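S.K.:
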Amino acid sequence: MLEVNKDNFEEEVLKAEGYVFVDFFGDGCVPCAALMPFVHSLADQYEGKLKFTSLNTTKARRLAIGQKILGLPVMAIYKDGQKVEELVKDAATEESIKTMVEKYVALNA
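For the sequence shown, numbering that gives the first Met the number 0 gives the first residue as 0, with consecutive numbering after it.
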């Protein structure tokens, strides 16, 4: 899982080929911390099939706002520089994240 920041987000996510998963999290976000081990396990499981990244919005507020990240957690899929799907707050459950990841792994094949 690649941790991105304001300096490399454009290169690693917006300019990347294929689908990119982004876990937007923040310091002090309890649901974010609870989901993190599960998301990391998906990143390990689907390594090489989908690019997994994470962004700490506490350290990149302007970038997060620019990406319309207004509440946490947010799990998003990007393709060709555009956000194509996202799960926000209560919608970001282990089951829904896994379903979204599997959908884009299949599309990325």
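Where a beta carbon is used, it is the ideal one built from N, C-alpha and C, also for glycine. Bear in mind that the values here come from a model prediction, so they are computed numbers and not experimental data.
Starting from lysine 102, trace the alpha helix (DSSP H) both ways and give me its first and last residue.
M.R.: Here residue 102 corresponds to residue number 103 of the sequence shown, with the count starting at 1. Lysine 102 -> alpha helix (DSSP H) spans 93–107.
S.K.: Measure the C-alpha to C-alpha separation of valine 19 and lysine 48 and round it to an integer number of angstroms.
M.R.: For this step, residue 19 is matched to residue 20 along the sequence shown. For this step, residue 48 is matched to residue 49 along the sequence shown. When rounded, the distance between both Cα atoms is 10 Å.
S.K.: Helix, strand or coil: how does DSSP classify aspartate 22 here?
M.R.: Here residue 22 refers to the residue found at position 23 of the sequence shown. Three-state DSSP puts aspartate 22 in a strand.
S.K.: Any idea what DSSP makes of isoleucine 64, helix, strand or coil?
M.R.: Here residue 64 corresponds to residue number 65 of the sequence shown, with the count starting at 1. Residue state, collapsed to three classes: helix.
S.K.: Can the beta-carbon of valine 73 be found closer than 7 Å to that of glutamate 85?
M.R.: Along the sequence shown, read from residue 1 onward, the residue named residue 73 stands at position 74. Along the sequence shown, read from residue 1 onward, the residue named residue 85 stands at position 86. The answer is yes: Cβ separation under 7 Å.
S.K.: Measure the Cβ-Cβ separation of alanine 91 and lysine 82 and say whether it is below 7 Å.
M.R.: Taking the sequence shown and counting its residues from 1, one reaches residue 91 at position 92. Taking the sequence shown and counting its residues from 1, one reaches residue 82 at position 83. Pairing alanine 91 with lysine 82 gives a Cβ-Cβ distance that is not under 7 Å.
S.K.: If isoleucine 113 sits next to phenylalanine 23, beta carbons under 8 Å apart, how far is it from one beta carbon to the other, in whole angstroms?
M.R.: Because the chain is modelled from 0 through 108, residue 113 falls outside the range shown and cannot be assessed.
S.K.: Measure the Cβ-Cβ separation of threonine 57 and glycine 25 and say whether it is below 7 Å.
M.R.: The count along the sequence shown starts at 1 and reaches residue 57 at position 58. The count along the sequence shown starts at 1 and reaches residue 25 at position 26. Yes, they are a contact pair.
S.K.: Given a cut-off of 7 Å on the beta-carbon distance, is the pair phenylalanine 8 and leucine 41 in contact?
M.R.: Translated into the one-based positions of the sequence shown, residue 8 becomes position 9. Translated into the one-based positions of the sequence shown, residue 41 becomes position 42. No.
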